Amino acid sequence: QVWQIRLDMHLLNHDGNITDAASIAGIVALCHFRRPDVSVQGEEVTVYSPEERDPVPLSIHHMPICVSFAFFHQGTYLLVDPTEREERVMDGLLVIAMNKHHEICTIQSSGVVMLLQDQILRCSKITAVKVAEITELIQKALENDQKARKEGGKFGFAESIPNQRITAFKMESAAVDTNDVEEQAGEIIAKADPPSEVFASPVLHTAGTAQIGEGIESSWGDLEESEKEEAVEEEGESEAAAFECEKVETEYSVLCTSTQRETKSDEPIVLSDSEEEEVVILQPQELPRNTR
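All residue numbers for the sequence shown refer to full-length UniProt numbering, where the first residue is 1 and numbers rise by one.
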């Protein structure tokens, strides 16, 4: 039989580089976890409660820490620990997980950037420095927590809330004096402009009609000066086009009348469908004979 441990992470606030934050939170949670102590005698297994025996920590040999690198302008610029806005405009992302012994645990690259060997080596050197710093901070935090537990002091959420480590966006409560609210409201109303006169009830002019409000005339149908000028120009263009059409039709009718008169005075023209166009047959030219 073995112990089964499941690690669940709940995201409270995300401002970028969630991979690095999740890796640190996960490894700290595993280092901070304590399982019940167990004794085995033959086939008998005894699980002790925390009151009977102190819980036992997990055997963690190394801490893999993730460090993320954002690349911009096709790898020209490198940025460590990008924020949420920087992640939106980055071209590529490289995540390196390493422990304090400079052992690379995993490498993940994403995006549209083709990284060179020198760039990856440079990122691995930066990762080694960052991992050493973060591992030292984790070990100090775990030592301080263990010391506080032994002394009976505050730890965990109880120790973090007064220092606003969890409630970073908490706003201080401000006192509001409501004793003279009515007097202040009266002064504001007195200084304000009086409301315009309106009809409180509908006005019935005749049967089947009614008016509500001030009864201001609607100006939706009125045209502005520029629109009026455009409308006048369009009317002028339409009248000119109509006049041209009438002129063309008159000329065409006169032309047709004169043509009819000419055909009546001349000899009649008979058209036949059997008439064929003149066909010209091309004969091959005779080639000159060669004389011997």
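All residues carry an ideal CB built from backbone N, CA and C; glycine is no exception. As the structure is a prediction and not an experimental result, all values here were calculated from the model.
Sub-7 Å separation of residue i and residue j beta-carbons
i: residue 67; j: residue 37; result: no
i: residue 98; j: residue 135; result: no
i: residue 69; j: residue 90; result: no
i: residue 17; j: residue 81; result: yes
i: residue 19; j: residue 129; result: no
i: residue 30; j: residue 58; result: yes
i: residue 3; j: residue 34; result: no
Environment of residue i [buried if 16+ CB atoms lie within 10 Å]
i: residue 185; result: exposed
i: residue 63; result: buried
i: residue 27; result: buried
i: residue 40; result: exposed
i: residue 113; result: buried
i: residue 275; result: In this prediction, residue 275 scores a pLDDT of 49, lower than 50, which makes its location untrustworthy; no coordinate-derived value is stated.
Cutoff 7 Å; reference residue i; Cβ partners in own chain excluding five residues on either side
i: residue 131; result: 65, 67, 98, 99, 100
i: residue 298; result: The shown model of the chain, from 1 to 292, leaves out residue 298, and the question about it has no answer.
i: residue 22; result: 9
Nearest neighbour of residue i, chosen from the options [CA to CA]
i: residue 93; options: 20, 81, 102, 109; result: 109
i: residue 88; options: 111, 188, 35; result: 111
i: residue 115; options: 5, 4, 76; result: 76
i: residue 149; options: 24, 4, 44, 54; result: 54
Own chain, CB closer than 6 Å to residue i, minus 5 neighbours either side, in chain order
i: residue 192; result: none
i: residue 79; result: 70
i: residue 187; result: none
i: residue 120; result: none
Own chain partners of residue i with C-beta closer than 8 Å, once the 5 adjacent residues on each side are dropped
i: residue 138; result: 24, 27, 28, 31, 63
i: residue 103; result: 62
i: residue 51; result: none
i: residue 124; result: 96, 98, 104
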